[in-house]
Every structure is written in C-alpha cells, then in structure tokens.
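Chemist:
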Amino acid sequence: MKLKNLLILPSTYISLLRDVKRQRKFVKEILEADIADATADNDGSLDEEDFNKIRGYYGFGVPAIVGEGFCTLRGAKMTQTERMASTFQGALTGLYDDFFDKTGLADNEIKSMMKEPHSYSPASSLEKLFIRFLLNVHENIHDISQFNQYFEKVFSAQVLSKKQLDENLTREEIRDISFKKGGYSLLFYRSVFKHELMKGEAEALFNIGSLMQLGNDTFDVYKDSRAGIKTLPSGCGQIDDVRQVFITQLDHCLGLVGKLNYHRDDIKRYVNKLVLGIARCFVCFDQLERLQGKTGGTFRPLAYSRKELICDMEKPVNIIRSLRYFTSYRH
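Just so you know, the numbering used here puts 72 at position 33 of the sequence shown, and the rest follows in order with no gaps.
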C-alpha cells in the first residue's frame, strides 16, 4: 500500500498545485477589484483579517480545494460560471462568520440579508460587501432554491454553535454541533455546482464536511481554548481520543464515497486528493500529543503557549511528515 501511494503521490500533488495556481490567478483577476473598492469605502467594520480571509483562505480555498474536489469526483472541469459562484461564495464565508463572532447582529437581520439581499439596506461596509458577494453568487448559480436550502442549514448550524460556550456541554453534544457545522457547510459549497447530487452523495459529503471541521478544530485549538469555545480537541484530555474519532470518521467517509455511482477512476482521484489534504491533520495530532508530557499526560491547552499549539504546515519538516502520512494511509 505504501509503494502504491508513493507512486500516485506525484500526480495527485501536481493536480492540487494546478488547482491552486488556477484559483490564485482568478482571485487576482476577479476579487482584488472588490477588495480595493471595499477598502476605499471602509467605515471600519472591515479589517485586514477579513480581506486576508477573502483572498488567501475562503475565496481562494473553497474553489481551489473543495470545488475542484467536486469536479474531480464528477470527472468534468469546473465551468467559468461555477468558478465565479464558488469564488464569491467562499469570499462571503468569512464575512458571514463575522455576523456571529464579531458584530453581534441579530439573527433576524442575518436571515434578511440571506433571503432578500436585493432589498436589504446594509448598515455597514461589512454588510455591503457581504451582499455584493451574495448577489454575485445568485447571478452565477442554476438552482437558487437548493442554494438557499443549504444556506438555511448553515445558518441553523451557526446558531447552534453558540452553545459551544456552554461549560456543561457533553462530548456527544459538542460532536453533534461540530459535525453539523462542517457537514452542512460542505453541502452548501456543493450547492453552486450544476451537476445533480448522486444517490448517497449528500450523506457522503456531509460526513466529509464533518471530518474537515474536526480537522479545522484541531488546528484552531489555541484560538478556541482562549475564547472558551468547546470543541473535541479543546476539551478532550487525551489527543489520541480525537485522533481515533478522526480516523473512524475518515474510514466512514471513504466507505461512503466508494459506494457512489461516479466513475471508479474519478472516485480514486478524489479520494487521493482528500487524503492528501487531510493528512496534515495527523501532523497536528502528533504535535499536540507531544505536549501532554508537560502536563502529566493530560492535554491542557491553556497551559501551553501559542507557539506550542500552532501547527505550522508551511514548515518543510511538517510538509514531509504530511506526505509520509499520505503514503502510509490505506485508502
């Protein structure tokens, strides 16, 4: 298995690099003009973190990683309208999070923006840019009812996630909240693509989104622990417990994807991209687990520094470790 994965690694890695290069160019050509306009008209409600999320994280990563994955699975390239929709959908994601995490905007106001962006009167530069991006999504999708259906589920998951500040949440409740947030987010991103969902695909993508959310929570353990947000990693006590949940979920996802009625070669290419992308999480698990020795064998995130908890995946040594996990994992 290790030899087989080693042989497919170059083509999988090169394919990801192509996806990334294509989207970086698109962001520069399309989104930078919107960012420039928003910067010039900023009333202070937008900050540099918002712009970095647009150009370097969501507006880039949603189409380049998630969207290209959908296209790999279906065996057909992303169309121009799909790239437009996915890019603006990604770009609005960070702004949408701000409504819950920073502005304290009332739920009914958020839903008004979501449902009636044409008639909503923005009260800030943040709201104005969000609506601008949302209208661009609407102009480039074929099924707005499906888009709104999953947007509603994302909203419900966001509202539910407010409970993660509750000290009395059980492990099962934390898992449920986290998995719903990630699962519905991935289905939301899938909703702007033209091809219809295959039988069993919604279940598979929901579980893959849950897996991705668990991975994100692992990388965000420093931020979440300081903010008092309860996630599986921030309150686990033993990082290996989270690792085992992650492995079980990954295996479940691969089983569900394997049953889809897409071409077998396309499924293999998608799975290779997925495993290469999430292999980085195992590097983070290793780093966090090593910290337990400092605190009597129990993981206590508040006892560690930011440097100790942040797993820098741009370090060459961590990239190599991630590639080793890819070649060793049975997929």
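Idealized CB from N, CA, C, for every residue including glycine.
1. Give me the Cβ distance between VAL322 and TYR364, rounded to the nearest whole Å; I'm assuming they're in contact under 8 Å.
2. Any chance the segment 158-170 sits against the segment 108-117, with 3 or more Cβ pairs inside 8 Å?
3. If I follow the unbroken alpha helix (DSSP H) through SER361, where does it start and stop?
4. What is the DSSP secondary structure of VAL231, counted as helix, strand or coil?
5. Would you mind giving the Cβ-Cβ distance between PHE338 and LEU330, rounded to the nearest angstrom? I have them listed as a contact below 8 Å.
6. Where do the ends of the alpha helix (DSSP H) carrying LEU330 lie?
7. Let me confirm a value: SER273 is counted as buried when at least 16 other C-beta atoms fall within 10 Å, else exposed. Which label applies?
8. Taking the alpha helix (DSSP H) that HIS177 falls in, what are its first and last residues?
9. Since GLU186 and MET153 are thought to touch, with beta carbons under 8 Å apart, how far apart are those beta carbons, to the nearest angstrom?
10. How many Å lie between GLU211 and SER249 at the Cα?
11. Per DSSP, what kind of secondary structure is ASN81 in: helix, strand or coil?
12. Mind pulling the alpha helix (DSSP H) runs of 4 or more residues that sit fully within the segment 111-173?
13. MET251 lies in the alpha helix (DSSP H); which residues open and close that run?
14. Cα separation between ALA79 and PHE194?
15. Please state if the CB of ASN311 and the CB of ILE53 are separated by a distance shorter than 8 Å.
16. Which residues mark the beginning and the end of the alpha helix (DSSP H) in which ASP290 is found?
17. Suppose the cutoff is 7 Å on Cβ atoms and the five residues either side in sequence are ignored; what does the same chain contact list for ASP279 look like?
18. Less than 8 Å between the C-beta atoms of ASP256 and LEU271, yes or no?
19. As a quick exercise: from GLY335, GLY114, PHE139 and ILE213, pick the residue whose alpha carbon is nearest that of GLN197.
20. SER200 CB to nearest chain D CB: under 8 Å?
21. Alpha carbon to alpha carbon, how far is MET237 from THR120? Give it in angstroms, no decimals.
22. DSSP state of LYS333, grouped into three classes?
23. Measuring CA to CA, which of GLU87, GLY332, ALA145 and THR118 is closest to ALA162?
24. Between GLY95 and PHE172, what straight-line distance do the alpha-carbon atoms span, to the nearest angstrom?
25. Quick one, which of SER361, ASP205 and GLY98 has its alpha-carbon nearest PHE324's?
26. Does the Cβ-Cβ distance between PHE99 and ARG63 come in under 8 Å?
27. Is DSSP giving ASP263 helix, strand or coil here?
28. So what does DSSP say about LYS202, is it helix, strand or coil?
29. Rounded to the nearest angstrom, what separates ASP263 and ASP215 at their Cα positions?
Modeler: On the basis of the coordinates in this document:
1. Position 283 of the sequence shown, counting from 1, holds the residue named residue 322. Position 325 of the sequence shown, counting from 1, holds the residue named residue 364. Indeed they touch by this definition, with Cβ atoms about 7 Å apart.
2. no
3. For this step, residue 361 is matched to residue 322 along the sequence shown. Looking at the DSSP string, the run of the alpha helix (DSSP H) that includes SER361 is 355-367.
4. One-based indexing of the sequence shown puts residue 231 at position 192. If DSSP states are grouped into helix, strand and coil, VAL231 belongs with coil.
5. Your numbering for residue 338 matches position 299 in the sequence shown. Your numbering for residue 330 matches position 291 in the sequence shown. The Cβ separation is near 7 Å, so the contact holds.
6. Position 291 of the sequence shown, counted from the first residue, corresponds to residue 330. Where LEU330 is concerned, the enclosing alpha helix (DSSP H) stretches over 303-330.
7. As a first step, residue 273 is located in the sequence shown; it is residue number 234 there, counting from the start. Buried.
8. Translated into the one-based positions of the sequence shown, residue 177 becomes position 138. Looking at the DSSP string, the run of the alpha helix (DSSP H) that includes HIS177 is 164-178.
9. As a working note, residue 186 is residue 147 in the sequence shown. As a working note, residue 153 is residue 114 in the sequence shown. Note on residue identity: the sequence assigns Phe, not Glu, to residue 186. About 10 Å separates the two Cβ atoms, so there is no contact after all.
10. Here residue 211 corresponds to residue number 172 of the sequence shown, with the count starting at 1. Here residue 249 corresponds to residue number 210 of the sequence shown, with the count starting at 1. Between GLU211 and SER249, the C-alpha separation is close to 14 Å.
11. By one-based count along the sequence shown, residue 81 stands at place 42. The answer is coil: DSSP assigns ASN81 none of H, G, I, E or B.
12. 119-140 and 146-154
13. Numbered from 1 along the sequence shown, position 212 holds the residue referred to as residue 251. It spans 240-258 - the alpha helix (DSSP H) in which MET251 sits, taken as one unbroken run.
14. Taking the sequence shown and counting its residues from 1, one reaches residue 79 at position 40. Taking the sequence shown and counting its residues from 1, one reaches residue 194 at position 155. If I take the Cα positions, the gap works out to 30 Å.
15. Walking along the sequence shown from the start, residue 53 turns up at place 14. Walking along the sequence shown from the start, residue 311 turns up at place 272. No, Cβ-Cβ distance for ILE53 and ASN311 is not below 8 Å.
16. Taking the sequence shown and counting its residues from 1, one reaches residue 290 at position 251. Counting along the chain, the alpha helix (DSSP H) containing ASP290 begins and ends at 278-297.
17. For the purposes of this step, residue 279 is taken as residue 240 along the sequence shown, with counting starting at 1. Same-chain partners within the cutoff: GLU328.
18. Taking the first residue of the sequence shown as 1, we reach residue 256 at position 217. Taking the first residue of the sequence shown as 1, we reach residue 271 at position 232. Yes.
19. Counted from its first residue, the sequence shown places residue 197 at position 158. Among GLY335, GLY114, PHE139 and ILE213, the Cα nearest to that of GLN197 is on PHE139.
20. In the structure shown, chain D does not exist; there is a single protein chain.
21. Counting from one through the sequence shown, the residue named residue 120 turns up at place 81. Counting from one through the sequence shown, the residue named residue 237 turns up at place 198. In a straight line, the C-alpha of THR120 is about 21 Å away from that of MET237.
22. In the sequence shown, the residue the question calls residue 333 occupies position 294. Helix.
23. Counting from one through the sequence shown, the residue named residue 162 turns up at place 123. Closest by alpha carbon: ALA145.
24. For the purposes of this step, residue 95 is taken as residue 56 along the sequence shown, with counting starting at 1. For the purposes of this step, residue 172 is taken as residue 133 along the sequence shown, with counting starting at 1. Going by the C-alpha atoms only, they are around 16 Å apart.
25. In the sequence shown, the residue the question calls residue 324 occupies position 285. Out of SER361, ASP205 and GLY98, SER361 has the C-alpha closest to the C-alpha of PHE324.
26. The sequence position of residue 99 within the sequence shown is 60, counting from 1. The sequence position of residue 63 within the sequence shown is 24, counting from 1. Yes, Cβ-Cβ distance for PHE99 and ARG63 is below 8 Å.
27. Residue mapping note: residue 263 aligns to position 224 of the sequence shown, counting from 1. Three-state DSSP puts ASP263 in a helix.
28. Position 163 of the sequence shown holds residue 202. If DSSP states are grouped into helix, strand and coil, LYS202 belongs with the helices.
29. Working through the sequence shown from its first residue, we reach residue 263 at position 224. Working through the sequence shown from its first residue, we reach residue 215 at position 176. Taking the straight line joining both Cα atoms gives about 17 Å.
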